[in-house]
Amino acid sequence: MRFMHSKAKVLRELFKSKEIVRIVGAHHGLGAKLIERNGFDGIWASGLEISTAYAVPDANILTMTEYLHAASVMNDAVSIPVICDCDTGYGNSSNVQHMIKKYEAAGIAAAVIEDKIFPKVNSFVPGRQDLASIEEFMGKIEAAKNTQKNSDFMVFARVEALIAGWGLEEALRRAYAYAEAGADGIVIHSKSKTPDEIFEFASKWKSKIPLVVIPTTFYGTTAKTFAERGFKMVIYANQGLRASMKAMDETFKSIQEAGSTALVENKISSMKEVFEIQGMPELKENEERFSKKTGIQAVIPAAGDPRRLAGFSEILNDKPLCMLEIGGKTLIDRQVDILRSCEVKDVYVIGGYQADKIKAESTKILKNPDYATSGTAWSVMSAKNYLKNQCVFVYSDIIFDRLILDQLLSSPHAITLVIDRAYRTLPPREKKLDLVIAEDLAKDSRSRRLELNTFKRVLHVGQHLDRQKANYEFIGMAFFREEGLGELSEAWQALPCPEKADLNDLLQLLIDRGVAVHGLEIEHGWSELHSLDDFKRVKAHFEKNSGALVS
Ligand code: SPV
Ligand code: MG
276 MRFMHSKAKV LRELFKSKEI VRIVGAHHGL GAKLIERNGF DGIWASGLEI STAYAVPDAN
336 ILTMTEYLHA ASVMNDAVSI PVICDCDTGY GNSSNVQHMI KKYEAAGIAA AVIEDKIFPK
396 VNSFVPGRQD LASIEEFMGK IEAAKNTQKN SDFMVFARVE ALIAGWGLEE ALRRAYAYAE
456 AGADGIVIHS KSKTPDEIFE FASKWKSKIP LVVIPTTFYG TTAKTFAERG FKMVIYANQG
516 LRASMKAMDE TFKSIQEAGS TALVENKISS MKEVFEIQGM PELKENEERF SKKTGIQAVI
576 PAAGDPRRLA GFSEILNDKP LCMLEIGGKT LIDRQVDILR SCEVKDVYVI GGYQADKIKA
636 ESTKILKNPD YATSGTAWSV MSAKNYLKNQ CVFVYSDIIF DRLILDQLLS SPHAITLVID
696 RAYRTLPPRE KKLDLVIAED LAKDSRSRRL ELNTFKRVLH VGQHLDRQKA NYEFIGMAFF
756 REEGLGELSE AWQALPCPEK ADLNDLLQLL IDRGVAVHGL EIEHGWSELH SLDDFKRVKA
816 HFEKNSGALV S
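Take the position in the sequence shown, starting the count at 1, then add 275; the result is the number in the working numbering.
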């Protein structure tokens, strides 16, 4: 584990290493993250911003707990230090002690307390800006410094004499007294339109204790100039709040007027950006890494060029077949959803033709560069290095009911193919079918009453089989348990012409080598999309049955 300095220490270091420390105000994790992302040194947990976020006046209407909660949320969201606007310390020196204990425990790097009377009002509000006595405020500084446990924690004293109209001399008198009481820095606040009075203050400041400026009203002055005038930190206290307020207001106005969000869509952050700032990509990565897995992988060979299939070119628009949309969802998304619902989390899609156009959430796309000349076995086996434990293979051009996969994965056998006994009743398809000859049930008198979803021993599989002799169609789904995968990889090594082989050849080779290959018998519940006719039929079926079981 990497040793982490406290953020208080980080802030101390910044004061040493930087010409001027620049921090920006926020009231939530989102603002804090945007500040960090834009390269600032720290976050100002602004009382004004937090109050505004609650839509209440910045006048200690909120409690310390609420300010601290907001600051903690910000602190958790970023790795840079958070410096808290603690107003007057929420009461007297005892309240200050309690506050420091709580803020320090929350990982806050520094607290700023101001020398006004509780409850304060924001410094820019005309009217009462009552100052506490110097002695009383010195007591608060001493209480804070005595309470902190980490010696790096910084306590800033904020001088409000210029805000209250008490003049420069009083401001200096107070600042020196607070430095004397142990303050780690002085925030000299001003509501003047120009920085002249704080420049004058700085020119008369002879202590080594750093000066901090909040240039809300004298916004034209650069950080560099402040540094040259002797300031060590600048706080851009509320610009983020004011920016988002205006942006939200204009957005809502536009939606109200236009009756839709069309005019604002291009001006607002995309959902992708929203997820990104939430940390959703990291969450996905961690979920992948830490969530309990079934240990079953799926391989979906999707490399073939669909332009050879009658009529698909127009609807596919140069995309691979797995990107075909039916009922508002692509074939691949449909398959992945079902796989995930059956706890198959590692899905490898083998792309070939237009592989870059395959978009499938939570899958890994592997590429078969030889897709144009190789067979399906070659595509499937391009995932061989990823296969461990157990694996289900699913052709990318089929659509199937979840129940089939569910039953397949519960097969006790080392190798199980899904075989459909109803293939002869399906509408004719313009292709050679993957036929299967499985153990003849008729010979077994006890099995005359045909039970579905039982397992048969597969004797032959291939497109060359005699249609009259074949009793099943292999639907393009197969499940290999660990022993089955071992047999598969041995057979693969033994295959005479692996580049040209299709999966049937590999399965037949397994059978020829004496490996038991079983068939899970089904009747309907799936469909292949091999032609425009298939597409129209399945689409019509979907529309009629609102996406229910395909037949
Ligand atoms: C705040 O951000 O709450 C401040 C700074 O105290 S200012 O509003 O500029 O006074
Ligand atoms: Mg404030």
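Glycine residues also receive a C-beta, built at the ideal position from the N, C-alpha and C atoms.
It should be emphasised that the depicted structure is a prediction, and the values quoted were computed from it without experimental measurement.
Worksheet item: Can the beta-carbon of E324 be found closer than 8 Å to that of N513?
Response: yes
Worksheet item: How many angstroms separate the CA atom of E757 from the CA atom of K663?
Response: 7 Å
Fill in: C-alpha distance - Y698 paired with V669, whole-angstrom precision
18 Å
Worksheet entry | Alpha-carbon to alpha-carbon, G534 and S321 | 36 Å
Worksheet entry | Segment limits, beta strand (DSSP E) that includes H735 | 730 to 737
Worksheet item: Looking only at C-alpha atoms, which of K291, C772, W801, W767 sits nearest to L785?
Response: W767
Discussion item. Please tell me whether R696 and A791 are closer than 8 Å, where the distance is taken between their beta carbons.
Written reply: no
Worksheet entry | Distance CB(A446)-CB(Q404) smaller than 8 Å | no
Worksheet entry | When A352, S478, K632 are compared against R504, the one with the closest alpha-carbon | S478
Practice prompt. With a 10 Å radius around its C-beta and 16 neighbouring C-beta atoms as the bar for buried, classify T338 as buried or exposed.
Written response: exposed
Practice prompt. Report, in whole angstroms, the separation of the C-beta atoms of A577 and I607, which I expect to be a contact under 8 Å.
Written response: 7 Å
Worksheet item: Does the stretch 471 to 490 come within contact of the stretch 507 to 526, defined as at least 3 CB pairs closer than 8 Å?
Response: yes
Worksheet item: Are the Cβ atoms of Y453 and M413 separated by less than 8 Å?
Response: yes
Worksheet item: Over what stretch of residues does the alpha helix (DSSP H) that includes K507 continue unbroken?
Response: Unbroken run through K507 is the beta strand (DSSP E), 506 to 511; no alpha helix (DSSP H).
Practice prompt. Decide if D809 is buried, meaning its Cβ has at least 16 other Cβ atoms within 10 Å, or exposed.
Written response: buried
Worksheet item: Measuring from the CB of G322, is there a heavy atom of the ligand MG at a distance below 7 Å?
Response: yes
Worksheet item: Cβ-heavy atom distance between D593 and the ligand MG below 7 Å?
Response: no
Worksheet item: Where do the ends of the alpha helix (DSSP H) carrying G495 lie?
Response: Careful: G495 lies outside any alpha helix (DSSP H) and carries neither H nor E.
Discussion item. Residues in the same chain with beta-carbon distance under 7 Å from V574, minus the five sequence neighbours each way, listed in chain order, please.
Written reply: Y623, I625, V655, A658, C666, F668
Practice prompt. Tell me, please, which residues DSSP counts as bridged to W801.
Written response: F675
Worksheet item: When DSSP labels each residue in this structure, what does K811 get in the three-state scheme?
Response: helix
Practice prompt. Given a cut-off of 8 Å, decide if F393 and P335 are closer than it, judged by their beta-carbon atoms.
Written response: First, the residue type needs correcting, since residue 335 is Asn and not Pro in the sequence shown. Yes, the Cβ-Cβ distance between N335 and F393 is below 8 Å.
Worksheet entry | Cβ pair Q783, V711 closer than 8 Å | no
Practice prompt. With a threshold of 7 Å, establish whether the CB of N335 neighbours any heavy atom of the ligand MG.
Written response: no
Item to complete: Could you tell me which of K706, H805, A498, P595 sits nearest to I640, measuring between CA atoms?
Response: P595
Practice prompt. Check E748 in the structure and name its three-state DSSP category.
Written response: strand
Worksheet item: Of all the alpha helix (DSSP H) runs that stay within the bounds of the stretch 431 to 509, which reach a length of 4 or more residues?
Response: 436 to 439, 442 to 456, 471 to 479, 498 to 503
Worksheet item: Residue range of the beta strand (DSSP E) that Q572 falls in?
Response: 571 to 577
Worksheet item: For D333 versus N397, is the C-beta distance shorter than 8 Å?
Response: yes
Worksheet item: Among K391, V813, G317, Y342, which residue has its Cα nearest to the Cα of G603?
Response: V813
Discussion item. What would DSSP say about M279, mapped onto helix, strand or coil?
Written reply: coil
Worksheet item: Are the stretch 346 to 358 and the stretch 380 to 389 touching, with three or more C-beta to C-beta distances below 8 Å?
Response: yes
Worksheet item: Would you say the beta carbon of D524 comes nearer than 7 Å to a heavy atom of the ligand SPV?
Response: no
Discussion item. A689 and G759 - do their beta-carbons sit closer together than 8 Å?
Written reply: yes
Worksheet item: Are there 16 or more other CB atoms within 10 angstroms of the CB of N746, so buried, or fewer, so exposed?
Response: buried
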